[in-house]
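Residue numbers for the sequence shown follow the numbering used here, so the first one is 185 and each next one is one higher. Here is the structure we will look at, set down as C-alpha cells.
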Amino acid sequence: MSLTDITTANGTAPIPGPATPYQGDIARYWDHEARPVNLRLGDVDGLYHHHYGIGDVDHASLGEPDDSEREKKVIAELHRLESAQADVLLDNLGAVTPDATLVDAGCGRGGSMVMAHQRFGCKVEGVTLSAKQAEFANRRAKELGIQDSVRSRVCNMLDMPFATGSVAGSWNNESSMYVDLHDLFAEHSRILSVGGRYVTITGCWNPIYGQPSKWVSQINAHFECNIHSRREYLRAMADNRLVPQAVIDLTPATLPYWELRATSSLVTGIEEAFISSYKDGSFQYLLIAADRV
Numbered sequence: 185m186s187l188t189d190i191t192t193a194n195g196t197a198p199i200p201g202p203a204t205p206y207q208g209d210i211a212r213y214w215d216h217e218a219r220p221v222n223l224r225l226g227d228v229d230g231l232y233h234h235h236y237g238i239g240d241v242d243h244a245s246l247g248e249p250d251d252s253e254r255e256k257k258v259i260a261e262l263h264r265l266e267s268a269q270a271d272v273l274l275d276n277l278g279a280v281t282p283d284a285t286l287v288d289a290g291c292g293r294g295g296s297m298v299m300a301h302q303r304f305g306c307k308v309e310g311v312t313l314s315a316k317q318a319e320f321a322n323r324r325a326k327e328l329g330i331q332d333s334v335r336s337r338v339c340n341m342l343d344m345p346f347a348t349g350s351v352a353g354s355w356n357n358e359s360s361m362y363v364d365l366h367d368l369f370a371e372h373s374r375i376l377s378v379g380g381r382y383v384t385i386t387g388c389w390n391p392i393y394g395q396p397s398k399w400v401s402q403i404n405a406h407f408e409c410n411i412h413s414r415r416e417y418l419r420a421m422a423d424n425r426l427v428p429q430a431v432i433d434l435t436p437a438t439l440p441y442w443e444l445r446a447t448s449s450l451v452t453g454i455e456e457a458f459i460s461s462y463k464d465g466s467f468q469y470l471l472i473a474a475d476r477v
C-alpha cells in the first residue's frame, strides 16, 4: 500500500493510500463532500455527524409555521434527533471502562467519537478514508482539549492499525455499506477482545421484499455505496465469531427525522427514496449489537 504525506491538525504524517480504485473514489467523494445538512446541523453544538436521526419530533419546539425562527428551530431539532441516534448506539456498547479503547470505523467528522469519550471517559480511535474528514475531526478534538483521547486517522477499515484483541468496543454507524461485510467483520473480530462488543446501525434492504427496490438503487447511486441485505449482515457476523445480542428495527423511529428533513431547507433530493422505501418495507433501518466470542 502506498504512502502519501498530508498535513493534518497534528502536523505532517504519512497516511496509507487507497488499496483499490473504489476506495480512491470513496475517499474523493468524502473529501469533497460539504453538504449543508451535515455542516449546519453540526454547527448547532459542535458535534458533526454523518448519520441520520431517530425519535419523535418535538413539534412544540418548532413554533408556528410562520415563525421567522422556524428554520433555525427545525435544524436544531434535526440535530437533536441525530445525536439521539448516536446515544442509542452508545447505549448498546454496554459497560465501558475509562481505560478501554473504542474504535469508530468510518468516523466521518468525529461527532460520535466525542460523544463516546464524554460518556465513558475512554480513548476513542476513528478511521476514515477521507483526509479532509480526519483533519476536521482532529481539529475539533484539539479545540475541545481532548486530542490525547480522541484521534482520527486515514486508513482502510478492513485493515485497521490496532493490535489483535486490543479493543473493548467498536462500531460502524452508517458506513458498512462501503465494504464487503465478511472482510469488515473479520477485521472487527480481530481487533476486539473476547467479550468485546460490536455495534452497527445501518440501512439494509429487506430480503422479504425479494430484491433491492428502485428506491434502494437510488440511494446506492446517490451515495456511491452498495447497500447490503439484513440477511447478509447476520450471516457475515456468524462467520466471524460475532454473536448478536440485540437486533432492533429502528425504521419506525427514523421516519419522523426524514419527514421533518423533507420540509427543511437542507433537502438533498434523496429524502423521497428514504421515506418511500421505509414505508413500503423494502428498506430497513437496523441496529445490531454483537459480542465477540
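Every residue, glycine too, gets a C-beta built ideally from N, C-alpha and C.
Sub-8 Å separation of residue i and residue j beta-carbons
{"i": "His372", "j": "Leu426", "result": "yes"}
{"i": "Ala370", "j": "Pro428", "result": "no"}
{"i": "Ser448", "j": "Glu255", "result": "yes"}
{"i": "Thr452", "j": "Ile238", "result": "no"}
{"i": "Arg258", "j": "Leu246", "result": "The sequence given here places Val at residue 258; Arg does not occur at that position. Yes, they are a contact pair."}
{"i": "Tyr362", "j": "Ile210", "result": "yes"}
{"i": "Met341", "j": "Ala321", "result": "no"}
{"i": "Leu450", "j": "Val383", "result": "no"}
{"i": "Gly379", "j": "Val280", "result": "no"}
{"i": "Leu471", "j": "Val287", "result": "no"}
{"i": "Leu376", "j": "Arg476", "result": "yes"}
{"i": "His406", "j": "Ile459", "result": "no"}
{"i": "Tyr441", "j": "Leu328", "result": "no"}
{"i": "Lys307", "j": "Ser267", "result": "no"}
{"i": "Leu274", "j": "Arg293", "result": "no"}
{"i": "Val221", "j": "Thr285", "result": "no"}
N-terminal and C-terminal residue of the alpha helix (DSSP H) that residue i is part of
{"i": "Phe346", "result": "Taken as a continuous stretch (DSSP letters only), Phe346 belongs to no alpha helix (DSSP H), as it is neither H nor E."}
{"i": "Val431", "result": "Run containing Val431: none in the alpha helix (DSSP H); it sits in the beta strand (DSSP E), 426-433."}
{"i": "Asp367", "result": "365-375"}
{"i": "Leu418", "result": "414-422"}
{"i": "Glu358", "result": "Element bounds for Glu358: n/a, residue is neither H nor E."}
{"i": "Gly290", "result": "Note, Gly290: premise wrong, no alpha helix (DSSP H); not H, not E."}
{"i": "Leu450", "result": "Run containing Leu450: none; DSSP gives neither H nor E here."}
{"i": "Val327", "result": "According to the sequence shown, residue 327 is Glu rather than Val. It spans 315-328 - the alpha helix (DSSP H) in which Glu327 sits, taken as one unbroken run."}
{"i": "Val280", "result": "Counting along the chain, Val280 falls outside any alpha helix (DSSP H), and DSSP gives it neither H nor E."}
{"i": "Gln207", "result": "205-216"}
{"i": "Ala405", "result": "398-407"}
{"i": "Gly226", "result": "220-226"}
Other residues of its chain near residue i: CB distance less than 8 Å, five sequence neighbours each side excluded
{"i": "Glu358", "result": "His234, His235, Tyr236, Gly290, Ile385, Thr386, Gly387"}
{"i": "Asn424", "result": "His366, Phe369, Ala370, His372, Ser373"}
{"i": "Glu253", "result": "Gly247"}
{"i": "Leu223", "result": "Tyr232"}
{"i": "Phe346", "result": "Thr285, Val287, Glu309, Ile375"}
{"i": "Asn420", "result": "Residue 420 is actually Ala in this sequence, not Asn. The residues are Leu365, His366, Leu368, Phe369."}
Cutoff 8 Å: residue i Cβ touching any chain B Cβ
{"i": "Gly394", "result": "Any reference to chain B falls outside this structure, which holds one protein chain only."}
Proximal residues to residue i (C-beta, below 6 Å), its chain only, five neighbours per side dropped
{"i": "Met299", "result": "Ala270"}
{"i": "Tyr462", "result": "Thr435, Leu439"}
{"i": "Lys226", "result": "This sequence places Gly at residue 226; Lys is not what is there. Hits under 6 Å: Tyr232."}
{"i": "Gln331", "result": "Ala325"}
{"i": "Val431", "result": "Ile472"}
{"i": "Gly295", "result": "Leu231, Tyr232, His233"}
Close Cβ partners of residue i (< 7 Å) along its chain, the five nearest in sequence each way excluded
{"i": "Ala482", "result": "No information on residue 482 is available, as it lies outside the stretch 185 to 477 that the chain covers here."}
{"i": "Ser413", "result": "Cys388, Trp389, Pro391"}
{"i": "Leu444", "result": "Val241, Val258, Glu261, Leu262"}
{"i": "Tyr393", "result": "Gly465, Ser466"}
{"i": "Tyr213", "result": "Glu408"}
{"i": "Arg219", "result": "Thr452"}
{"i": "Asp364", "result": "none"}
{"i": "Pro205", "result": "none"}
Cβ-Cβ separation, residue j to residue i (assumed contact under 8 Å), whole Å
{"i": "Tyr232", "j": "Arg324", "result": "7 Å"}
{"i": "Asp433", "j": "Gln395", "result": "20 Å between Cβ atoms; not a contact."}
{"i": "Asp215", "j": "Ala315", "result": "6 Å"}
Residue i CB to nearest heavy atom of the ligand ADP below 7 Å
{"i": "Ser296", "result": "Because no ligand of any kind appears in the structure shown, any question about the ligand ADP cannot be addressed here."}
Continuous beta strand (DSSP E) stretch holding residue i: start and end
{"i": "Glu309", "result": "307-312"}
{"i": "Asp475", "result": "467-476"}
{"i": "Gly336", "result": "The sequence shown places Ser at residue 336, not Gly. Per DSSP, Ser336 belongs to the beta strand (DSSP E) from 334-338."}
**Request:** Report yes or no: do the region 309-317 and the region 330-337 share at least 3 C-beta pairs separated by less than 8 Å?
**Result:** yes
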